[in-house]
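Enquirer: Have a look at this one before I ask anything.
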Amino acid sequence: MLDSEGHSLGLDGLGEGDVLVEPLGQTGGDRQQLAAAVRAFHRQASGSAHFARLVSIEAATDSPRLEFLYALIEPVNDAVRPLFDRLAADGTLRPMPWYVFHFLITGSCGLYGQLPLARRLGRPDETNGTAEADLLAGLVLAACFTGEPPASV
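The working numbering puts the sequence shown at residues 61 to 213.
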């Protein structure tokens with residue numbers, strides 16, 4: 061993959077298929093759609109530890125690599141941001157700026173890119189990744205919503 065000046069970004073083989081970019085479903089209200097998006101993001105991230113590590117490293121430097129990664133996540137942000145804005149405005153979500161919400165959701169995914177550390181902290185080798193992703197997403201959602209978050213469908 062090359063940037064606009066022809067320099068290698070070193071990201072060959074990484075494309076939109078590696079990142080959750082599917083549009084949000086049209087069923088359910090804003091609460092259900094936002095919760096479903098967070099759960100889907102965590103499930104995707106649990107199977108894409110390489111992407112979590114890559115973003116963690118590349119997001120520390122403003123560079124063409126970060127521009128490329130941001131372009132991959134931008135469609136997700138564009139789909140979720142209106143839900144966030146409406147739910148924050150009506151008090152369904154705790155007061156917080158968009159960027160804090162973003163890092164609350166994505167920061168908890170650090171677990172998936174740091175499995176050796178997680179094992180040292182007690183994570184069993186036979187842990188079910190999907191169940192773990194659902195647990196993390198549920199905890200994050202509970203922190204975001206002022207009341208009970210919508211149940212998983």
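The C-beta atom is built at its ideal place from N, Cα and C for all residues, glycine as well.
All figures in this text were calculated on a predicted structure; none of them were measured in a lab.
Counting only runs of 4+ residues fully inside the stretch 156 to 203, write out the alpha helix (DSSP H) ranges in chain order.
Expert: You should have 158 to 167, 170 to 173, 175 to 180.
Enquirer: Could you please give me the residues that DSSP links to residue 144 through a beta bridge?
Expert: In the sequence shown, residue 144 corresponds to position 84, counting from 1. For residue 144, which the question treats as bridged, DSSP gives no partner whatsoever.
Enquirer: Taking 6 Å as the limit between beta carbons, can you name the residues of its chain near residue 106, skipping five residues before and five after?
Expert: Looking up residue 106 in the sequence shown gives position 46. Once the five neighbours on either side are set aside, the close Cβ partners of residue 106 are 172, 189, 193.
Enquirer: Over the uninterrupted alpha helix (DSSP H) stretch that includes residue 153, give me the two end residues.
Expert: In the sequence shown, residue 153 corresponds to position 93, counting from 1. Taken as a continuous stretch (DSSP letters only), residue 153 belongs to no alpha helix (DSSP H), as it is neither H nor E.
Enquirer: Report, in whole angstroms, the separation of the C-beta atoms of residue 176 and residue 91, which I expect to be a contact under 8 Å.
Expert: Against the sequence shown, residue 176 aligns to sequence position 116. Against the sequence shown, residue 91 aligns to sequence position 31. With 8 Å as the limit, residue 176 and residue 91 do not qualify as a contact, their Cβ atoms being about 36 Å apart.
Enquirer: From which residue to which residue does the alpha helix (DSSP H) around residue 42 run?
Expert: Lying before the first or after the last residue shown, residue 42 is absent from the chain, which here runs from 61 to 213.
Enquirer: Tell me the residue span of the alpha helix (DSSP H) that contains residue 97.
Expert: The count along the sequence shown starts at 1 and reaches residue 97 at position 37. Where residue 97 is concerned, the enclosing alpha helix (DSSP H) stretches over 90 to 106.
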